[in-house]
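Everything on this sheet refers to the single structure shown next.
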Amino acid sequence: MKERISTIIGDKESANIWMGTFHSVFARVLRTESDRINYPKNFTIYDTQDSRSVIKDVISELNLDDKVYKPASVQARISGAKNNLISPEEYRRSPDLTNEDIQAQRPMMADIYAAYNRKCYRAGAMDFDDLLFKTNELLRDFPDVLHYYQHKFQFILVDEYQDTNFSQYLIIKQLAALRENICVVGDDAQSIYAFRGANIQNILNFRRDYPEFAMYKLEQNYRSTKTIVNAANSIISKNKDQIKKTVWTDNEKGDYITLQRSLSDNDEGRYVANDIFETRMTRQAAFKDFAILYRTNAQSRSFEEALRKLNMPYRIYGGQSFYQRKEIKDLLAYFRLSANHNDDESLKRIINYPARGIGKTTVEKLIIASAKFDVPIWEVIQQPNTYPSELPSATMRKVMDFCTMIKSFTSQIETHNAFDLGQHIAQSSGLLKELHTDKTPEGVARYDNIQEILNGMKEFSDDVDPDNPEAVRTMTDFMIDIALLTDADKDDGDNDKISMMTVHAAKGLEFNYVYIVGLEENLFPSQMALHSREELEEERRLFYVALTRAKQRAVLSYAITRYRWGQLSQCEPSRFIEEIDQEYINVAAMVLPKQEPARSWNNERSNFFKGATSTAPRGNKPLTRLNTATQDDNQEVEEIAEGMEVEHARFGKGKVLKVEGKLPNTKATVYFPSAGQKELLVKFAKLKVL
DNA sequence: TGGAATGATGTTTTT
DNA sequence: CATCATTCCA
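Residue numbering for the first sequence follows this note's numbering, beginning at 12 and increasing consecutively.
The structure is reproduced here in structure tokens:
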């Protein structure tokens, strides 16, 4: 969007536009105005993990049972309240909410909410929902601030308006109140965020709030072929809740939608990879023209494997984002704590990582004292006389040393650039050394990730701020809102890659060739969404979004067996497949090249296949039987012997040094040049004899 | 205190 | 199946 606007109005002008997600734009506002709401300028933003950890602490401090008060659902409940601008006090006073909680046997919810907020405040931290909640408070309680931003933002455009929640709605309403120069774009058929409080009512309110509105219906689709547009229409017409409209296109009819049935999740991966490979050749397409869309992040694995085997570049969006990886969060925790000593979550994370002799008993004592006196852990350490924690003096010394180190980082924040300080912290905290000693492939990857973020800081530091070319680009600048960054913000230069992401993440994007995979009951639509018509209709809209990402060709795919929760389960094709007008669909005969000898099928699995194929469901065209190299699945334990050369899926080639233990639990000691010596249980290790 | 061994548990979807 | 949490022992 930024690029498109730049090409129209030029880089200079477009640089002045505030553009971003609600969270990032208003995090920026809050940083500027933090003193108004009694937050430190460099407040920390707690991501979902951080905030769940705080909730866990609250639950245990209130002596509640985390089987009853499940942290995840408590978190969802608090989030829901915040998105509707309900404070803990209002929550407590609301008969409806209180009754719901009593019904659900969770009467203490309001207390958890209050304690959670208190803890976040004490830590100088905001969670994602706070960014919007506090913005609302700021604009509500400080007329001069409101006035300032009303003049600053004279024109407001909100895209994907159907996905805004009440909190966001009210921010916009306040800001637009003065001039009413506001334009919103939305499509009720693409509303897919009801689960996080998005409210379609906001679109309807618009007419009421701005009676002089003008409405433009955008019913012509410029993106997709007739086949895709019509198929999508046929899907969405199954929904009861919808604003009627007729989407049409002038584009040509185009390809049929392909329906592909696979025998397993792995076959599905291989099929899609092969199809991309072929399409790329026959249509002269680039990798970046392809997208694989799935319902849940966990589904990416089989596609990754298949694409890797064919040497095709891909990029996964979302999921475990780079910034959420453990090693990255560890390093960032040093940064965060250096910037904000009250950030208890970061402190707990790193006070003994890398290990420096501060064990859990010690941390436990500190936490108890911090709760008792209602002050951040840092204060407990700094003022042992005011807040006695009863640590033995030797331990106290270690804890003090840790704080001294952090303080030395703090003192350099404003004077050093982000990279220099980042490098220094990574080194003198011992983090780099700790990761460097880990020679497992995962360990090496972690070390590389740290290097990568340091590189990013280097780039950032060398970059000149056009507004202020003299200024040192500090760590504070770098750290701003890093919790809000997603993988989509990362750019590694080579962008000709196949995209893989959830359907949610794909909204607003488009690709020539789209594969919608895992179209199975209980997966898409999700098992969680089968309880009510409303939920199912949201899943259907999600499918609509997926299908309309495609410009030229869409491939729908499902597998009849799939590993879920580590178990093989049978799957039924998704109801959405049948809901498409069948005239647009072409059922593919599965064609896969002969497999290279398989390395990994075990007996249980291949037997299951034999049973499953005979009961092929429904009237699909006959399938070319997949040749899944069953010849190799009798690879029994006795085949592994000392001296053999073997290959492991992850560690690569290696030599068997020793075999011990009796049959099904035979253990082999294998030396891998790339990964060192490993002890592996033969029945799990899937070793391939070379 | 710290590491290894064992056991529980969880999967929607995102900022 | 992975990851985390808990437990156990040096």
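All residues carry an ideal CB built from backbone N, CA and C; glycine is no exception.
Kindly identify the DSSP beta-bridge partner or partners of residue i.
| i | result |
| --- | --- |
| residue 269 | 566, 597 |
| residue 513 | 305 |
| residue 194 | 168 |
| residue 522 | 561 |
| residue 259 | 231 |
| residue 573 | 580 |
| residue 666 | 656, 682 |
| residue 537 | 533, 534 |
| residue 700 | 657 |
| residue 176 | 209 |
From which residue to which residue does the alpha helix (DSSP H) around residue i run?
| i | result |
| --- | --- |
| residue 144 | 139-152 |
| residue 124 | 120-133 |
| residue 367 | Note, residue 367: premise wrong, no alpha helix (DSSP H); not H, not E. |
| residue 104 | 99-104 |
| residue 28 | Run containing residue 28: none; DSSP gives neither H nor E here. |
| residue 426 | Run containing residue 426: none; DSSP gives neither H nor E here. |
| residue 491 | Where residue 491 is concerned, there is no enclosing alpha helix (DSSP H), given that its DSSP letter is neither H nor E. |
| residue 33 | 33-44 |
| residue 20 | 13-20 |
| residue 361 | 355-361 |
| residue 280 | 276-294 |
| residue 298 | Where residue 298 is concerned, there is no enclosing alpha helix (DSSP H), given that its DSSP letter is neither H nor E. |
| residue 319 | 311-320 |
| residue 445 | 442-447 |
I need the DSSP call for residue i, collapsed to helix, strand or coil.
| i | result |
| --- | --- |
| residue 204 | coil |
| residue 55 | strand |
| residue 136 | strand |
| residue 213 | helix |
| residue 246 | helix |
| residue 527 | strand |
| residue 79 | coil |
| residue 613 | Note that residue 613 scores 33 on pLDDT, short of 50, meaning its location in the model is unreliable and no value can be drawn from it. |
| residue 336 | coil |
| residue 585 | coil |
| residue 506 | coil |
| residue 226 | coil |
| residue 117 | coil |
| residue 74 | coil |
| residue 159 | helix |
| residue 545 | helix |
| residue 496 | coil |
| residue 402 | coil |
| residue 187 | helix |
What does a CB cutoff of less than 8 Å around residue i pick up in its chain, not counting 5 residues either side in sequence?
| i | result |
| --- | --- |
| residue 288 | 321, 323 |
| residue 216 | 180 |
| residue 539 | 546 |
| residue 7 | What the structure shows of the chain is the stretch from 12 to 701, and residue 7 is not part of that stretch, so it cannot be assessed. |
| residue 381 | 355, 387, 388, 390, 391, 398 |
| residue 83 | 63 |
| residue 54 | 41, 42, 45, 135, 136, 137, 351 |
| residue 182 | 33, 37, 143, 146, 147, 150 |
Using C-beta distances below 6 Å, list every residue in its chain close to residue i, excluding the 5 sequence neighbours before and after it, in chain order.
| i | result |
| --- | --- |
| residue 435 | none |
| residue 174 | 204, 209 |
| residue 52 | 45 |
| residue 584 | 569 |
How is the beta strand (DSSP E) around residue i delimited, first residue to last?
| i | result |
| --- | --- |
| residue 580 | 578-581 |
| residue 327 | 325-327 |
Below 7 Å CB to CB, which residues in the same chain sit around residue i once its five sequence neighbours on both sides are set aside?
| i | result |
| --- | --- |
| residue 520 | 560 |
| residue 17 | 25 |
| residue 276 | 313, 570, 573, 574 |
| residue 353 | 133, 134, 135, 387, 389 |
Quick test of your reading: residue i and residue j, contact by CB under 8 Å. State the CB separation rounded to the nearest angstrom.
| i | j | result |
| --- | --- | --- |
| residue 177 | residue 95 | 5 Å |
| residue 141 | residue 67 | The pair is not a contact, with the Cβ atoms about 18 Å apart (cut-off 8 Å). |
| residue 413 | residue 362 | 6 Å |
| residue 283 | residue 569 | Actually they are not in contact, since the Cβ atoms of residue 283 and residue 569 sit about 12 Å apart, beyond 8 Å. |
| residue 566 | residue 269 | 4 Å |
| residue 166 | residue 192 | 5 Å |
| residue 33 | residue 143 | 6 Å |
| residue 587 | residue 301 | Not really, about 21 Å apart at Cβ, beyond 8 Å. |
| residue 306 | residue 537 | 6 Å |
| residue 200 | residue 247 | 5 Å |
| residue 512 | residue 325 | Not really, about 10 Å apart at Cβ, beyond 8 Å. |
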